[in-house]
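So the number in our numbering is just where the residue sits in the sequence shown, counting from 1, plus 30.
Shown next, in structure tokens, is the structure this report addresses.
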Amino acid sequence: MAADVSSFVYFAPVMVFLVVFVIMVALLHKTELIGKNMYMNIFLSFVIATIFITASSIKQLVLNVIPWFAVLLIALFLIMALVGFMGDSGKSIVSKSMGWVFVVILILIFLVSGIKVFSNSVSPYLPTATSSQVSNGNPTLVYFFSWLYSPQVKGFFLLIGVAIFVTWFLWKTGGITPAKK
Numbered sequence: 031m032a033a034d035v036s037s038f039v040y041f042a043p044v045m046v047f048l049v050v051f052v053i054m055v056a057l058l059h060k061t062e063l064i065g066k067n068m069y070m071n072i073f074l075s076f077v078i079a080t081i082f083i084t085a086s087s088i089k090q091l092v093l094n095v096i097p098w099f100a101v102l103l104i105a106l107f108l109i110m111a112l113v114g115f116m117g118d119s120g121k122s123i124v125s126k127s128m129g130w131v132f133v134v135i136l137i138l139i140f141l142v143s144g145i146k147v148f149s150n151s152v153s154p155y156l157p158t159a160t161s162s163q164v165s166n167g168n169p170t171l172v173y174f175f176s177w178l179y180s181p182q183v184k185g186f187f188l189l190i191g192v193a194i195f196v197t198w199f200l201w202k203t204g205g206i207t208p209a210k211k
């Protein structure tokens, strides 16, 4: 028989507050960003966690990231347990690069969740915006971004990029020598 867990939705703001609060206290304590005063770290963490639960879009971002982060941590734990059971032969598999892989995956999770949460706010300013989405945006910004995504501006940046690349390539290969004073 399936359990009805829909009532957990009522506890979501509390969970977001607790997750942000605990992470901020730990980060501020570990980095000593504002000093060693634990009371100040707790107060600042409380303020940041309160901001997170009052801003609905940020709260939604945290609610989207937490399950994926939990899956990532479980996968990391299972990989580490598997390597532990392998003995000395498994130590060569785990290196600093595996840690970087998990950091990159975590950054991708944040990016995808941010795109999902803030897509309604950003969509009027993208080149693929429909007329109904554009009508919801700021007219000045819509005009600016339509100019920014125009073929002329894209061509300008492409030419500048090619010029920078060619200059760098010639400089590195010795095709250009610096002027002597």
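Positions of the beta carbon are idealized from the N, C-alpha and C atoms, including for glycine.
**Request:** Let me know if M68 comes out buried or exposed under the rule of 16 or more other beta-carbons within 10 Å of its beta-carbon.
**Result:** Mapped onto the sequence shown, residue 68 falls at position 38. M68 is exposed by the Cβ-count criterion.
**Asked** Should L91 go down as buried or exposed, given a rule of 16 or more other Cβ atoms within 10 Å for buried?
**Response** Within the sequence shown, numbered from 1, the residue matching residue 91 stands at position 61. Burial call: buried.
**Request:** Could you pull out every residue in the same chain whose Cβ sits closer than 7 Å to the Cβ of L141, ignoring the five residues on either side in sequence?
**Result:** For the purposes of this step, residue 141 is identified with residue 111 of the sequence shown, where counting begins at 1. So no residue of the chain qualifies.
**Prompt:** Between the C-alpha atoms of V77 and S87, what's the straight-line distance to the nearest angstrom?
**Reply:** Here the question's residue 77 lines up with position 47 in the sequence shown. Here the question's residue 87 lines up with position 57 in the sequence shown. Each residue's Cα considered, the two are about 17 Å apart.
**Message:** In whole angstroms, give me the CA-to-CA distance for F82 and V147.
**Reply:** In the sequence shown, counting from the first residue as 1, residue 82 sits at position 52. In the sequence shown, counting from the first residue as 1, residue 147 sits at position 117. Cα-Cα distance, rounded: 14 Å.
**Asked** Exposed or buried, S180, counting other C-beta atoms within 10 Å across all chains shown (16 or more means buried)?
**Response** For this step, residue 180 is matched to residue 150 along the sequence shown. Under this definition S180 is an exposed residue.
**Message:** Quick check: the Cα distance between A193 and F186, rounded to an integer number of angstroms?
**Reply:** Here residue 193 refers to the residue found at position 163 of the sequence shown. Here residue 186 refers to the residue found at position 156 of the sequence shown. Distance between the alpha carbons of A193 and F186: 11 Å.
**Message:** Between the alpha carbons of M70 and H59, how many angstroms are there, rounded?
**Reply:** Within the sequence shown, numbered from 1, the residue matching residue 70 stands at position 40. Within the sequence shown, numbered from 1, the residue matching residue 59 stands at position 29. Cα to Cα, M70 sits roughly 10 Å from H59.
**Message:** Here's the rule I'm using: 16 or more other beta-carbon atoms within 10 Å means buried, otherwise exposed. How should V101 be labelled?
**Reply:** Taking the sequence shown and counting its residues from 1, the one referred to as residue 101 is at position 71. V101 is exposed by the Cβ-count criterion.
**Item:** Element boundaries [alpha helix (DSSP H), containing V192]
**Value:** Within the sequence shown, the letter at position 162 stands for residue 192. Start and end: P181 to T203.
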